[in-house]
Amino acid sequence: MSASANGRPQRAPRRAAKSSKPNPLAGIVNWADERTGLAAMSKTQIRKVFPDHWSFMLGEIALWSFVVLLITGTFLTLWFHPSSAEVTYHGSYDQLRGVKMSDAYASTLHISFDIRGGLLLRQIHHWAANLFIAAMFVHMMRIFFTGAFRKPREINWMIGMTLLMLGILEGFAGYSLPDDLLSGTGLRIADGLVRSIPVVGTYLEFFMFGGQFPGDEIISRLYAVHILLIPGLLVALIGAHMLLLVYQKHTQWPGPGRTNDNVVGYPMLPVYAAKAGGFFFTVFGVSALLGGIMQINPIWMYGPYDPSKVTADSQPDWYMGVPEGLLRAMPGIETHVGGFTISWNVFIPGVVAPGLLFTVMLLYPFLEGWITGDRREHHLLQRPRNAPTRTAFMAAMITLFGVLWAEGGNDVLALVFHLSLNDITWVARFAIFIGPAIAFWVTRRWCISLQRQTHTELLHGYESGVLMRSPEGGYAEKHLPLPIERAYTMTANDRDHVLPMPTEEDENGVANRKVALMRLRARLSRFWYGSAIQKPTREEVEEAHAHAAHELEIHEDGHQHLSEGEYEGDYEYDGTPADGHQYDGRHGIDESKLRQD
Amino acid sequence: MTIERPGRPPGDEPEQRHDGVPDGQVVSVAGDPFPDPGLPAHEPRPTDVDEHAGRRAERQVATLFGLSSVFAILWVVVYFAVDLKGNTATLFGAGAQNLLLGVCLAGALLCIGVGAILWARKLMSDVEIVEHRHAISSSEEDREVALGEFDQGVRDSGIARRPLIRNSLLGAMATLGLPAIVVLRDLGPLPGDVLEFTVWKKGVRVVNDVAGNPIKPADMEIGQLVNAEPELFFETDANGEPLFEGTKLLQAKAKAAVILVRMKPEDIQAPKGRENWGINGILCYSKICTHVGCPISLWEQQTHQLLCPCHQSTFALGDGGKVVFGPANRPLPQLPLMIDKDGYIAARSDFHEPVGPSFWERG
Amino acid sequence: MRFLTARLSAKRRSPLAGLMVLLLGLLLTGGVYAAFSPASASTPSAANQDLIAKGRQLFLVGCASCHGQHGEGIVTSATTEYGPPLIGVGAAAVDFQVGTGRMPLARPGMQAPEKKQLYTPDEIRALAAYVASLGPGPAIPAKAKYDTSDAGNHEVVRGGQLFLTNCTACHNFAASGGALPHGRYAPALAGVTKKHIYEALITGPQQMPVFSDNVLKPQQKRDIIAYLKSIESEPSYGGSKLGYLGPVSEGLFGWLVGIGLCVGFAVWIASHSVRSSKKGAKS
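Chains as they are written, first to last, in my numbering: chain G, -6 to 590; chain X, 8 to 370; chain W, -17 to 265.
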């Protein structure tokens, strides 16, 4: 608690840190710095500023659950055997004793029933995996909705999308390892997807499984992928993700004193070290709590994998919901041409559509940048309402994912809610197209309405809740002007610029060769900004306020005049009665604090 | 001001924004309706102004950290004291050890986490600090210099002047990719035609799964379903070793698993040429879904439909196994049946088409 | 008589008692078989004759409106079955359908749900005797057929393998039920009595296929029942079962509880802490 109590914003905290007393750490720092020269970099990074907002911590959930995965995963490798070799189970779980199974499955049972705390570690690992991917999704949505992927952060967006894809693959590889009935069924479906690829499908399948499904190679190969290849890539990409974050500095919400050129918040040491460190323990604690009280993937109930067995409610983990839902909703179409078969019913939902969705999301910042023609640097976040089309696009994507997730679990929905799974599938087949379109349209209109609401508040004030009676006996609600901080925050966004239609030739008469493309772009730009509401100009605001003051003057005669102290309730806030005189100069408006907080 | 970038298209006017505003100073920008009022003054917390509140917060944090140690020790106690095996140790119907270990670990971790966060919120300085952003890009000179250095390096190497070196190096690099790809060749055998065949052949008995008992037609009642396998899976060779075991068994099973069903003969519309593939209403179909290969045995004895639990492809077994719903395209392959000399149900041949999911060469 | 054996087997103390029960069970099996076997349906004893007459009365009141005056079934003008014929379904089917409350059905619908049974055990016996007299069909299994009290771990393990092969595709890995086409479903098996499981296997109620004794031997059925009862009484080792519905419910809870808690903590971490206002500290 050094120089904090004076209540003044600090400009140059680094100066203050220089102490006159000899620092006990000096010896170590000297030793390290003489060998690494880290002090020059550390001096700017130790007190690096991070802005404070709950939505900025969503990525941290993913980061910390990844650390939890590394820790628990390392423990699990101590006992897990990634082997398809057939063994006879002799462990503690009664219902499977004497059954022939793969060593992988037997060792997973061993971890669950003969290693104390082993089941807990397994369950924490699995829950943390669910958290990891879910947090990446939520984090990605936050970035998207606030426009934080815009220049200069496009690379970090792409790294993030790659992390998400790798995380999903890592999850699939992970839950395929125990070789229980469910994971084997998942591999069987993966086998079907690979096999559906035209021309090379069967070759890829045989190379992947080391022969015919299921073979005896897949588990050890997936193990290498799961504990070495993908985690290595994840660590490297997370490193790059964080380095770019540190270099570019975090985005922030606009507000008084928070501009595109600064970042306002708390220093890395001590506040963020404590908050982020505390958050790591919290995320780990939540994972441990889930692992302790909620059972996940009870592999002993599924039994060892056998290609002739299957269970009802066979599902992948939730993050495979998109291909799973597509696979279920796709009508059975196959083409037989010239002695060859193309299984569109598997290839499209299993390979093409997920790849396409991923590519669109990966390249999204460039798509939007091209449409808007915006090449400025953005460090201030946008309110979702101020980018109606983008917000609507994400709402459509979320709807699509929701429909596919629901369709991917149609049998469970049918069972739990007493529905017909055929009906669910038929609804999903249409909802995949109609749902996102409706969501897009509704969200866009909703955003524009919210913009309009903001616009009205800026011009005519917010609804104070105070009803005034006019001399004629009519009642009207008083609107009070927004506090300046709020008004500034709500207008700190940029104005939209619709790209102009290109001309056939430029002013020198040279034909514009890309005119068709540019025309498309201009049209898209017009669609993009659509009927979005622009923030008012200074003149509009002044005129509106003058108008309000004028109206007050008209009613001056019949107006209530309350002397100070006559009110009990709202009066308490600021010592000013809410009499509607805030516009006519009787007392200032700065102190008005009715219901805006 | 925005940082000027080379290459901005003309006509793409940047929004004029302010920059370098000293904090707390009101500045207005053309076009913006409201000036930036600057950072609000810092308001102290109770712990900043009240020594008593500060000490209380300190005690709260320390208590949480202390509690964490208690939970960690409890964890160790549970580890040694609570039985893992058997059904003896349960709590609320759950395994007691997992539950208690999980709760203790969660307690230990959450206490540290919540304590650290409380510490940061209540006791550490909460004065907001302003850090100015630097330009993300390097300066124009730096960029020129870097490009110049790069050009100099390239010139020094002579790679542009000596295309022979450049091209042969590129060629060598590309060729080096060959071993890297070719070494993957032995990841697995080539598919060949193994996907076209199963272990079924004339005279192989259809036996029920797990037990391996052969089945006589009279054993089957109307509406009966048998999850069946070829008898080969239960046979042993001359040395008493099973013919199929381990991976070989699983690979064979993944194609040869079948279901045997019996329905009223009048409910069956056998496709042309398959009229005599069944025995008195007993039909045998591949158990492997033609969609992506899940084993299917979810048979409705009244509708004669078979539902795949993975993606809900539905096959009408009374109607040649044709698809009536879901993503599968091809009907379920049928296995022709006969009665062997001992009166048991047996296969008359292998399947007449490849079983399981479609693939390119399938035709 | 069945109640007597049940009590005996519950209180047995020595292997000899077990033997006694076995002998008694065998005797009973013979007796029940003699009473209800198809062969005896044509030559009923006097006591049985009374039972059948009583069953006939009950049948006319409660069942005939759908299944016809003589159990011949009623076919609607659209040639769909309003109530299926009961000739040849056997006593076991009656005992299962009426004993689990599925029959009488409130109205003809998709699938008869399990509900509170409406008839007393005596009435069910009478109804079963009447329907059995209509034509040969599976008899109510004797207790020895489904009694699993002497099943050891070996039997349970074998039952588990049979269960995973024959049952999980519809009833799910933990017997918590599964969906069938067009709103039909395979019910959850927790709490179903051993006798009713056995009867369902041999009669194939509704869409369930038949698993006759000749293919799935009585011993194997007993193993399946033993396995079902063993997982029913086993604790959920890893905590709350989440409905035993597989990864769908796990994903749902991961989002609701896991992400919910973490985001809740994030909101708390970033929230503005209490300020000391001008008018004095509020805390």
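Cβ atoms here follow ideal geometry from the backbone N, Cα and C, with glycine treated the same way.
Is it buried or exposed, G:R383, if we count other Cβ atoms within 10 angstroms and call 16 or more buried?
buried
Does the CB of X:S356 have a neighbour CB from chain G at under 9 Å?
no
Segments assigned alpha helix (DSSP H), at least 4 residues, entirely inside the region 222 to 309 of chain G
223 to 241, 266 to 286, 292 to 295
Here's the rule I'm using: 16 or more other beta-carbon atoms within 10 Å means buried, otherwise exposed. How should X:P186 be labelled?
exposed
Going straight from the alpha carbon of X:G178 to that of X:I166, what length do you get?
14 Å
Whose Cβ in chain G lies nearer than 8 Å to the Cβ of W:E105?
Result: empty, since nearest Cβ-Cβ is about 30 Å, beyond 8 Å.
Nearest-angstrom Cα separation, counted from G:D310 out to X:K129:
40 Å
Residue of X:L116, X:R66, X:H59 minimising C-alpha distance to G:L283:
X:L116
Going along chain G in order, which residues have a C-beta closer than 9 Å to the C-beta of X:T97?
Here the premise fails: no neighbours, minimum Cβ distance about 13 Å.
What residues of chain W sit near X:F332, judged by a beta carbon separation below 8 Å?
P163
DSSP state of X:F366, grouped into three classes?
coil
Below 8 Å on the Cβ atoms is my guess for G:V339 versus G:S189; work out the distance and round it to an integer in Å.
4 Å
Proximal chain W residues relative to G:D87, where beta-carbon distance stays under 8 Å
N135, V138, V139, S212
Using 9 Å as the limit for Cβ to Cβ distance, is W:E232 near chain G?
yes
Collapsed DSSP secondary structure at G:I54 in the structure displayed
helix
Roughly how far, in whole angstroms, is the beta-carbon of G:V276 from the beta-carbon of G:V61, given that I think they are within contact range, below 8 Å?
7 Å
Do you know how far the Cα of G:L51 is from the Cα of G:V131?
7 Å
Identify whether G:L186 lies in helix, strand or coil by the three-state DSSP scheme.
helix
The region 124 to 139 of chain G contacting the region 231 to 246 of chain W, beta-carbon criterion three pairs below 8 Å:
yes
Leaving out five residues on either side along the sequence, give the residues of the same chain with a beta carbon under 6 Å from the beta carbon of G:I211.
F202
Considering G:T195, what are the terminal residues of the alpha helix (DSSP H) in which it resides?
194 to 202
Could you pull out every residue in the same chain whose Cβ sits closer than 7 Å to the Cβ of G:N379, ignoring the five residues on either side in sequence?
Q444, N486
Between G:D173 and W:N154, how many whole angstroms is the CB-CB distance? I'm expecting something under 8 Å.
With 8 Å as the limit, G:D173 and W:N154 do not qualify as a contact, their Cβ atoms being about 14 Å apart.
Taking C-beta pairs closer than 8 Å, name the residues in chain X that G:T339 reaches, listed in chain order.
The residue asked about is misnamed: residue 339 of chain G is Val in this sequence, not Thr. Result: H298, V299, P334, P364, S365.
Quick one: is G:L186 buried, meaning 16 or more other Cβ sit within 10 Å of its Cβ, or exposed?
buried
Chain X contact residues for W:C152, given Cβ-Cβ distances below 7 Å:
L305
Among W:A151, W:L116, W:Q201, which residue has its Cα nearest to the Cα of W:L227?
W:A151
May I have the straight-line CA-CA distance separating X:Q319 from G:A424, to the nearest angstrom?
18 Å
For X:V152 and X:Q159, I'd like the C-alpha separation in whole angstroms.
10 Å
Out of G:I117, G:I54, G:S95, which one is the CA nearest neighbour of G:I289?
G:I117
Since X:V214 and X:P224 should fall inside the 8 Å C-beta cutoff, what is the C-beta to C-beta distance between them, to a whole number of angstroms?
Wrong, their Cβ atoms sit about 14 Å apart, outside the cutoff.
Return the residue from the list W:D32, W:G233, W:T185, W:H178 that minimises the CA-CA distance to W:K125.
W:H178
Figure out for me which residue from X:H311, X:D347, X:Q341 has the closest Cα to the Cα of X:V6.
This structure gives no information on residue 6 of chain X, because the portion of chain X shown stretches from 8 to 370.
Within 9 Å (strictly less), CB to CB, does W:A248 reach chain G?
yes
Looking at chain G, which residues of the region 108 to 130 of chain X have a Cβ within less than 9 Å of any of its Cβ atoms?
L108, G109, V110, C111, L112, A113, G114, A115, L116, L117, C118, I119, G120, V121, G122, A123, I124, L125, W126, A127, R128, L130
Can you pull the chain X neighbours of W:G186, defined as C-beta to C-beta under 7 Å?
G230, Q308
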